[in-house]
Amino acid sequence: MSVKVKVTQQNPNGFNKYTKSFERKLQQTLNAAGNLVQRSAKESILTGPKSGARRGRHTASAPGQPPASDTGFLANHIFVVQKKLEVDVESRADYSKFLEFGTAKMRARPFMFPALEKNRNKIRRMLKL
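Residue numbers for the sequence shown, in the working numbering: 2 to 130.
Structure representation (structure tokens):
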């Protein structure tokens, strides 16, 4: 599961010098935006309120809350993948999609899209020229 931002362009002749500089700055900005989303997703898992069922020493998250961390595996498997004029924020835990979207027997505990939404305005400001 990932959140993607991709920029495509056509390069008119004579603008190579400016295009390279622009691409470099844009890539840095996209990477910073990806890091914001990654950090927010991890923080929501590790520090968010947990008010679901208690099982032994673990308190689960309630439906609609970010997942509760038990071992840290989910938070430790959220990565920013940099590509040319694109950045992906990926959660590589096999069960990520079940938490984000829910299943027939479990309501969603989203953490990726809320992280993007939390930072949407900041990312828009970063991308303004």
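Using N, Cα and C, we set each Cβ at its ideal position, and we do this for glycine too.
**Prompt:** Roughly how far, in whole angstroms, is the beta-carbon of Leu-139 from the beta-carbon of Ala-94, given that I think they are within contact range, below 8 Å?
**Reply:** Any property of residue 139 remains undetermined from this structure, which presents the chain solely from 2 to 130.
**Message:** For Val-81, tell me which candidate among Leu-117, Asp-71, Lys-26 and Arg-125 has the shortest Cα-Cα distance.
**Reply:** Nearest Cα to Val-81 within the set Leu-117, Asp-71, Lys-26 and Arg-125: Leu-117.
**Request:** Sort Arg-121, Ala-34 and Gly-103 by Cα distance to Glu-87 and report the nearest one.
**Result:** With respect to the C-alpha of Glu-87, the residue from Arg-121, Ala-34 and Gly-103 having the closest C-alpha is Ala-34.
**Item:** Whole-angstrom distance between Arg-25 and Met-127, CA atom to CA atom
**Value:** The straight-line gap from Cα to Cα measures roughly 14 Å.
**Residue burial classification, Ser-62 (beta-carbon count within 10 angstroms, cutoff 16)** = Its Cβ being crowded by 16 or more others within 10 Å, Ser-62 is buried.
**Phe-99 in three-state terms, based on DSSP** = The three-state reading of DSSP puts Phe-99 in helix, counting H, G and I together.
**Asked** What is the DSSP secondary structure of Thr-30, counted as helix, strand or coil?
**Response** The answer is helix: DSSP assigns Thr-30 an H, G or I state.
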